[in-house]
Structures are given as C-alpha cells and as structure tokens.
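To start, the structure under review is shown below, and the notes come after it.
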Amino acid sequence: MAPNPRELGELLRSRRARLSPADVGLPAGPRRRTAGLRREEVAALAAISPTYYTFLEQGRAVTPSRQVLDAIAAALRLDDGERAHLHELVHGTAPATAPPAAEALAPGLGALVDRLDPAPAYVTGRRFDVLAANRSVRLLWTNWPAVPVADRNMVWWMFTDPAAREVLVEWEREAAALLGRYRATAARYPDDPSFAALTDRLHAASAEVRAWWPRHQITRVGGGHKLLRHPALGEFRLDHVVLTVADAADQKLVAFDATAEILARLADLPDPPACHDRAMTTGSDRPRR
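For the sequence shown, position 284 (counting from the first letter as 1) is numbered 284 according to the UniProt record's numbering, and the numbering increases by one without interruption.
As structure tokens, this is what we get:
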C-alpha cells in the first residue's frame, strides 16, 4: 500500500472533530465556532509543530515518523485499529500482489463450510464477496446463489437489500461496523478498480453510506456476536469467529455457533429453493442429516 496523504488528512480531521476539550483534559475556554478540538490543541498534545500538523490534515506530501504518528494517535485517542490504519496510510504495508479478476475459493473450503451445517458458515473474499455459504446461511441471510453474481457481496446486501434490516436486529451497529471493515480493507488496495467501483455503487445506492463514509470509521475484522430474526425461529443470538485462510489470505471463513435448540430447529427447517449455480458452494446437493 502506497502512502495516502489525502486519506490521512480525512482521518485526522474526523477524529479531531469527535473530541471535546474535556475528553483530553483541556479547559473548554471561549465558545467554539465548530465542534471538536482545534488543530493547535492536537499539536500541543502530540508535542509537534501546529504548522506541521496542519500540513498533515491538508494532505501535504510530508512523512511523519512512526513516533510522531504514535503521539498523534495518543492525542486523538485512537483505538488499536485506528492507530494501525494511521500507520498504514503513511508508511504502507508490504505491496499486495495484484488480485485476479475473479477470486477462486480455496481448495477444500467449500466442503468444510457445508459440513458445518446446521451451524451457519460462509466465506468472503477480499471485497467481502460471498464465495461460499452453507444451507443455514442461505436460510438466515439470503439465498446467495440466486442473487446476481455482481451483487453477491456482504456490504452490498447490508446496505441495499431491505431484508438485511429485518434479519439483523441491530442493523445500524452491524452496518456501521461492516462499512468500517470494508473501508480499512479498501485502503490496502488503492489501485484495485474493483474496490473503487463497489464504493461508487454503494454511495449511489445508500443514503447511510453517503452519510457515514465521511466519518472515516475503521473497524478491524474479528469475532463477536449477532442478533438475528427469523420468521420461524424468532430472535436469537449467534456467536461467531473469523478465520483467515492460510492459502488465500484475503479469504475469511466466518463460522457461527448457537444453542443446541436453535441448531436443532435450523436443521429441521425446509431447504431453501434449489439453485444450480456451480460458481458457489451451497450444500444443496448434500444429504440432510
């Protein structure tokens, strides 16, 4: 990833705007025309020149040291994920190999996803495209193989399919976190036109994406829980882990667990409509347990 001064400036401005003097132990002082800290206050907290900090926010071609970035991160109260992203925007990471036009599911991964049923499991690629989904995921989220190939993307589904707001009890929290994960990932591929195309589509289709994108939220991929809603099962909790595929580092296996009762009821639900799209593993041909 190459240095990205413009993104760095946007990140610093957004994080400065969310802080108040009280958040960092400063007196409120005279009435402020805009919310957030002043640039000179951040510079003082980070022990750097106000002019230098202003250059960073303006996207000038300057390269602060890692020590300066750590000082700025501390001044702006960045969390671990935001701090790491700050360093990536300035010093970059190891250059990513140019990705293929279409991702191929890592060998054996589709069969593993199917064997986990009735525990839901799916695999996403570098852009959060859904590459494999077992029967339970097709029942709870959407019937992915029946979706047009260009729309088989978890971020696109989250923000454009009305069903997402019904399925996910905490839709706003889930959507904001997913957009933050997508943005952090997209920053690693500034020259990949597929990310730019998806970002443009999302902005055109979703008012929430247009409103939230300027916040510059960064969320790291990790496990957690989701509250789901299903017509036959009601509301229930799924805990999940996210595993990186060793042979395809951009692919993530997301595996869920639930109570024995929920898993048993999932196993008894009628199968989703059959789909003959062989571009995606569905488990539809596997014998029922």
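Ideal Cβ positions, reconstructed from N, Cα and C, are used throughout, including at glycine.
Keep in mind the model is a prediction, meaning the values are calculated, not measured.
For His85, the closest alpha carbon among the candidates Thr185, Thr63, Leu26 is that of Thr185.
Taking the C-beta atoms as reference points, Leu266 is found nearer than 8 angstroms to Leu139. In this structure, the CA atom of Pro270 is about 13 angstroms from the CA atom of His230. Separation of Ala246 and Gly125 (C-alpha to C-alpha, rounded to the nearest whole angstrom) is 13 angstroms. Per DSSP, the beta bridge partners of Gly234 are His230. Here Val155 is buried: its Cβ has 16 or more other Cβ atoms, across all protein chains shown, within 10 Å. Boundaries of the beta strand (DSSP E) harbouring Thr124: 121-124, taken from the DSSP string.
In this structure, the CA atom of Ala177 is about 11 angstroms from the CA atom of Glu170. Boundaries cannot be given for Val147, as no beta strand (DSSP E) includes it and DSSP labels it neither H nor E. In the three-state scheme derived from DSSP, where H, G and I count as helix and E and B as strand, Thr34 is classed as coil. Under the DSSP definition of a beta bridge, Phe256 partners with His240. Asn4 is bridged by DSSP to nothing; it lacks a bridge partner.
Taken through DSSP and simplified to helix, strand or coil, Leu168 comes out as strand. Ala47 and Arg39 have their alpha carbons spaced roughly 12 angstroms apart. One alpha carbon belongs to Ala104, the other to Asp200, and they sit about 24 angstroms apart. With the rule of 3 Cβ pairs closer than 8 angstroms, the stretch 70-89 counts as touching the stretch 212-232. Assigned with DSSP and collapsed to three states, Leu45 falls in helix. For His225, the closest of Thr259, Ala73, Ala187 by C-alpha to C-alpha distance is Thr259.
Here Ala175 is buried. Its C-beta has 16 or more other C-beta atoms within 10 Å.
For the pair Gly9 and Pro148, the Cα-to-Cα distance works out to about 37 angstroms. Distance between Ala150 and His91, taken at the CA atoms: about 33 angstroms.
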